[in-house]
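These notes are about the structure you will find just below.
So this is what it looks like as structure tokens:
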């Protein structure tokens, strides 16, 4: 029974590590590092659990019959307060976590020709979270 308990403990520990460690590879855009994804339950849980580790969290959803559902394939552009583009990417899932330095940013998300813009203030030790919701008809 001791081996069984040890195996169960090891399995639980490795499962917890797998959730936290299952983010896709970090990518680079100029001086800004970011990670995008969240497709599938395990990966979306990994993004949610790691969201606080990043200064800027961008989430993209579709409104389907009054419910917000995950979506992907949106174009994301982040500009600093001078208007310079610091990140331009196509979201590979509903989450884009950005390791951005402190400052004010304009975030533009385009999905199926519809664009929404929001502004975020990134501060040291905090996560600025911006949520974009598009009509489900915008696929």
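Residue numbers (our numbering): 19 to 157. Yeah, the Cβ is synthetic: ideal placement off N, Cα and C, and Gly gets one too.
Continuous beta strand (DSSP E) stretch holding residue i: start and end
i	result
residue 153	146-153
residue 49	Careful: residue 49 lies outside any beta strand (DSSP E) and carries neither H nor E.
residue 81	74-82
residue 107	103-108
residue 41	It is not in any beta strand (DSSP E) - residue 41 carries neither H nor E in the DSSP assignment.
Terminal residues of the alpha helix (DSSP H) in which residue i lies
i	result
residue 68	59-68
Three-way DSSP call (helix, strand, coil) for residue i in this model
i	result
residue 98	strand
residue 93	strand
Beta-carbon proximity of residue i to residue j, cut-off 9 angstroms
i	j	result
residue 3	residue 40	The structure shown does not extend to residue 3, since the chain spans only 19 to 157, so no value can be given for it.
Cut-off 8 angstroms between Cβ atoms - residues of its own chain near residue i, not counting five sequence neighbours on either side
i	result
residue 21	Note that residue 21 scores 40 on pLDDT, short of 50, meaning its location in the model is unreliable and no value can be drawn from it.
The ligand COA heavy atom lying under 8 angstroms from the CB of residue i
i	result
residue 148	Absence of the ligand COA from the depicted structure is noted, as is the absence of any ligand whatsoever, leaving it without description.
Contacting residues, own chain, Cβ-Cβ under 6 angstroms from residue i (five flanking each side not counted)
i	result
residue 80	87, 89, 152, 154
Given 8 angstroms as the limit, is there contact between the segment 123-135 and the segment 56-64, that is, 3 or more CB pairs closer than that?
-> no
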